[in-house]
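For my numbering, add 1213 to where a residue sits in the sequence shown, where the first one is 1.
We put the CB at the ideal spot given by N, CA and C, even for glycine.
Encoded as structure tokens, the structure appears first; notes follow it.
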Amino acid sequence: MFDNLLYQNAAGLLRDDIARGGLPGAVLLAGPDSSGKLTCALEIARVLSCTAAERRGQWLCDCPSCRRHKELASTNVLLAGPRDCSLEILAAQRAFLAAATDNAPYLLAARYLFVRAVRKLTMRFSQVLWEDDEKVSKIAPLIQAVDELLEQIDGTKPLPAHDRLEKICADTVKQAEKLAASFMYDALPISQIRRASAWARLKSPDGKKVCIIEHADRMNEAARNALLKILEEPPADTVFILTTSRRGAVMPTILSRVRTYSFVQRTEAQQAEVLARVFHADAGAGGGTIDGYLQTFLPVTPDAVRDCARAFYASVEQGAFPAVADMVKSCAGFEPRLLFRLFLAGVLDAQNTDALTARGSERAAKNAAALRECHANVVSYNQTPAAALESLWRELFAVCRAERR
């Protein structure tokens, strides 16, 4: 039980609570990014639905329920909330193809890794969550294409020839990237909270249902209030699992209705072991940290993005409008969107602002507000990065010019 959650004391606490039947109907997994919170949430769902008598909850359990959960194909799990899955999918693809080439003893585990990485994305587009949404007609063909591709690497069948396998993986990644770029949201919509609540109240013949909501801190007030309503009286056969990397940003009334399990930042040595055991990466890859390793799959290095961000802000201070189109191109069009967040963080860091002065603090606050609006314009309102950066430059320049008067 929780064999795949490494170096987190929360695993032992959860194991004990589940064993004695003391797991509450709503829990919060809180801790840093890449600390295993989603892995833990999915493992809770698997353990609660396991039907084995002797090997209950063990990762190697092969009961029908555990097989579905390990494939992330169980109808008893609902997964919602924003997440950038692109780098994990690419890292899992590399591990899977390398294992297939070498016919490695961990080939089956590598296949699970790839399938699960992809389904961590596609599960967020369940018909349960998107019912009656006008985007369903565009989302459904992408989901179907991904499912048909994954069927070709089903673990019960021999793997296709390597050239064919490479094409299947590449096509899967392409469809997943299109799905994420076109339809992933930055804040969980209230409509999905309401649909999840209705789903939670339906009886299931197959044991406990689990509703996982990632980044519970990233909801508007209406969505938070809708979630609070279902958490006040959660259905007896449904467990709600919320995750966050910013516990202080979660609404206090929600915190009062969940039991928190805290996750910690793993040491670099521990992260290196996670990389070796999960992704079969070489020691020291990406600096030996999980985030560092995943960022090696970006089409542009984070340092190059930060350099571009510094040049952008320098142009603000100099009053010289930059070649925005060239910047967007040099940053790979900001796909995946993580590149855009890195760029905006770089702009924020590039400010030559003395935050100890009243004027410096005021400018920093105005710039931060402009950066948040720029991010929302791209992620939530589908503005092109080039148009958003042109507007951002004008706003930052106006702040800079006003301060000099």
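Residue i, enclosing beta strand (DSSP E) - first and last residue
{"i": "L1291", "result": "1290-1293"}
Beta-carbon contacts of residue i that lie in its chain and below 7 Å, excluding the five residues immediately before and after
{"i": "S1339", "result": "L1291"}
{"i": "L1501", "result": "According to the sequence as given, residue 1501 is Gly; it is not Leu. Closer than 7 Å at Cβ, skipping near neighbours: E1481, Q1484, A1485."}
{"i": "V1260", "result": "M1214, I1231, G1270"}
{"i": "C1274", "result": "C1263, A1265, R1268"}
{"i": "G1368", "result": "L1321, R1324"}
{"i": "L1552", "result": "L1511, V1513, V1518, C1544, A1545"}
{"i": "I1381", "result": "L1362, Q1365, I1366, P1373"}
{"i": "A1308", "result": "A1323, L1326, F1492, H1493"}
{"i": "C1276", "result": "C1263, T1264, A1265"}
{"i": "A1313", "result": "L1320, L1372, H1375, L1378"}
Buried/exposed call for residue i, threshold 16 Cβ in 10 Å
{"i": "P1371", "result": "exposed"}
{"i": "G1244", "result": "buried"}
{"i": "V1591", "result": "buried"}
{"i": "V1487", "result": "buried"}
{"i": "A1239", "result": "buried"}
{"i": "R1550", "result": "buried"}
{"i": "R1324", "result": "buried"}
{"i": "P1318", "result": "exposed"}
{"i": "P1447", "result": "buried"}
{"i": "A1462", "result": "exposed"}
{"i": "G1559", "result": "buried"}
{"i": "T1597", "result": "exposed"}
{"i": "Q1221", "result": "buried"}
{"i": "Q1388", "result": "buried"}
{"i": "S1469", "result": "exposed"}
{"i": "K1351", "result": "exposed"}
{"i": "N1433", "result": "exposed"}
{"i": "A1536", "result": "exposed"}
{"i": "N1580", "result": "buried"}
{"i": "V1477", "result": "exposed"}
{"i": "E1301", "result": "buried"}
Close Cβ partners of residue i (< 6 Å) along its chain, the five nearest in sequence each way excluded
{"i": "I1467", "result": "L1441"}
{"i": "P1515", "result": "Q1508, L1555"}
{"i": "M1540", "result": "C1521"}
{"i": "K1333", "result": "C1298"}
{"i": "A1601", "result": "C1587, N1590, V1591"}
{"i": "H1428", "result": "G1294, P1295"}
{"i": "A1436", "result": "L1401, I1403, I1406"}
{"i": "A1426", "result": "This sequence places Ile at residue 1426; Ala is not what is there. So the qualifying residues of the chain are A1293, G1294, L1455."}
Cα-Cα separation, residue i to residue j
{"i": "R1431", "j": "D1376", "result": "41 Å"}
{"i": "I1257", "j": "L1511", "result": "31 Å"}
{"i": "E1575", "j": "P1465", "result": "28 Å"}
{"i": "S1241", "j": "E1530", "result": "Checking the sequence, you will find Leu at residue 1241 rather than Ser. Taking the straight line joining both Cα atoms gives about 43 Å."}
{"i": "D1216", "j": "R1490", "result": "12 Å"}
{"i": "A1283", "j": "A1393", "result": "One point to set straight first is that residue 1283 is Lys, not Ala, in the sequence displayed. C-alpha separation (whole angstroms): 22 Å."}
{"i": "Y1594", "j": "S1247", "result": "28 Å"}
{"i": "H1588", "j": "L1557", "result": "8 Å"}
{"i": "T1252", "j": "L1218", "result": "7 Å"}
{"i": "R1280", "j": "A1599", "result": "45 Å"}
{"i": "R1479", "j": "D1504", "result": "12 Å"}
{"i": "G1532", "j": "N1289", "result": "56 Å"}
{"i": "W1606", "j": "F1534", "result": "8 Å"}
{"i": "R1337", "j": "R1614", "result": "44 Å"}
{"i": "G1234", "j": "T1451", "result": "14 Å"}
{"i": "R1178", "j": "A1578", "result": "Past the boundaries of the shown model lies residue 1178; the chain is included only from 1214 to 1618, so the question cannot be answered."}
{"i": "G1249", "j": "A1611", "result": "42 Å"}
Sequence-distant residues of its chain with Cβ nearer than 8 Å to residue i (five each side left out)
{"i": "A1563", "result": "A1522, R1523, F1525, Y1526, A1527"}
{"i": "Y1506", "result": "A1304, L1488, F1492, A1494, A1498, G1499, G1500"}
{"i": "V1621", "result": "Limits of the chain in this structure are 1214 at one end and 1618 at the other, which puts residue 1621 out of reach."}
{"i": "W1538", "result": "Rather than Trp, the amino acid found at residue 1538 in this sequence is Ala. Closer than 8 Å at Cβ, skipping near neighbours: A1599."}
Bounding residues of the alpha helix (DSSP H) (the contiguous stretch that carries residue i)
{"i": "E1474", "result": "Per the sequence presented here, residue 1474 reads as Tyr, with Glu not at that position. Careful: Y1474 lies outside any alpha helix (DSSP H), inside the beta strand (DSSP E) at 1472-1475."}
{"i": "H1375", "result": "1375-1396"}
{"i": "G1559", "result": "1551-1562"}
{"i": "K1442", "result": "1434-1445"}
{"i": "L1507", "result": "1503-1508"}
{"i": "C1253", "result": "1250-1262"}
{"i": "G1225", "result": "1223-1232"}
{"i": "H1282", "result": "1277-1283"}
{"i": "D1520", "result": "1515-1531"}
{"i": "A1323", "result": "1320-1335"}
{"i": "D1539", "result": "1537-1543"}
{"i": "P1465", "result": "1465-1468"}
Residues that DSSP places opposite residue i in a beta bridge
{"i": "F1453", "result": "A1239, C1424"}
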